[in-house]
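Colleague:
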């Protein structure tokens, strides 16, 4: 059962804390929260979208000494049809980026910087809204400058050529201690990351909205008592169903 647009819009308006409360109410306590070692690259990241998945395994294929010109030619060498050239140091086969996509990747906490400032920009031009990797992001300073919506467990300068190889694409994976299936919902903010199983996404989203609705009412009353101006976090919206 795919997650519809209305449900996704609700997930974009609630918090991870609202979603975990909703999951608790459905008997899924401690089931869908990713390990807190996977943290946002910068403060203020918040996104919700639909999971695409990939998994990689570590290898040890040292790159031999060569001229820089040869290295530059071979690093991403492709045939005319886009397939990997036999001399390529980093083989083709892992493309990502699409509308509402959250790209979820497991590299088993490898130090190899699979995601970085270049391929994240490319994916966002195709509509991706977020990135989660139980492993490394590199080009960290540029990623922060670009405000890339990425959570990672490691920051590193390492390239992946000769160190990682693709194990699966759009198959169920374990990321941060949670099974993620392609098509599941993903919501992430400063508190962490929660997976929303697509089979119950609509009910989870509605319950999360009700949790947040009650919280906003209570907090707005405290704002008024203390003379604090209202902000977006206490604004009440009409239920979307």
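Residue numbers (my numbering): 1200 to 1440.
Here a beta-carbon is modelled for each residue, glycine too, at the ideal position from N, C-alpha and C.
Distance, Cα to Cα, residue 1262 vs residue 1278?
Modeller: Whole-angstrom Cα-Cα distance: 20 Å.
Colleague: Between the alpha carbons of residue 1329 and residue 1354, how many angstroms are there, rounded?
Modeller: Residue 1329 and residue 1354: Cα-Cα distance of roughly 17 Å.
Colleague: Could you give the C-beta distance for residue 1322 and residue 1293, rounded to a whole number, given that I count them as a contact under 8 Å?
Modeller: Actually they are not in contact, since the Cβ atoms of residue 1322 and residue 1293 sit about 11 Å apart, beyond 8 Å.
Colleague: I'd like the list of long-range same chain contacts for residue 1357, defined as Cβ closer than 6 Å, with 5 residues on each side in sequence excluded.
Modeller: Here the set comprises 1310, 1311 and 1312.
Colleague: Who are the near neighbours of residue 1216 in its chain, counting only those whose CB is closer than 7 Å to its CB and skipping five residues on each side?
Modeller: For residue 1216, where only same-chain residues beyond five positions count, the Cβ hits under 7 Å are 1390.
Colleague: Taking the runs of the alpha helix (DSSP H) that are 4 residues or longer, which of them lie wholly in the segment 1258 to 1322?
Modeller: Within the segment 1258 to 1322, the complete alpha helix (DSSP H) runs of at least 4 residues are 1267 to 1273.
Colleague: Could you spell out where the alpha helix (DSSP H) holding residue 1407 opens and where it closes?
Modeller: Where residue 1407 is concerned, the enclosing alpha helix (DSSP H) stretches over 1400 to 1425.
Colleague: Classify residue 1360 as helix, strand or coil using the three-state DSSP reduction.
Modeller: Coil at residue 1360, not helix or strand.
Colleague: Taking one C-beta from the segment 1210 to 1227 and one from the segment 1399 to 1409 each time, how about it: are there three or more such pairs within less than 8 Å?
Modeller: Judged by Cβ distances under 8 Å, the segment 1210 to 1227 makes contact with the segment 1399 to 1409, as three or more pairs qualify.
Colleague: Compute the Euclidean distance between the alpha carbons of residue 1307 and residue 1365, then round it to the nearest angstrom.
Modeller: So the two alpha carbons sit approximately 12 Å from each other.
Colleague: If you compare alpha carbons, which of 1248, 1241 and 1243 is closest to residue 1204?
Modeller: It is 1248.
Colleague: Cβ of residue 1253 within 9 Å of Cβ of residue 1305?
Modeller: Result yes, Cβ atoms of residue 1253 and residue 1305 sit closer than 9 Å.
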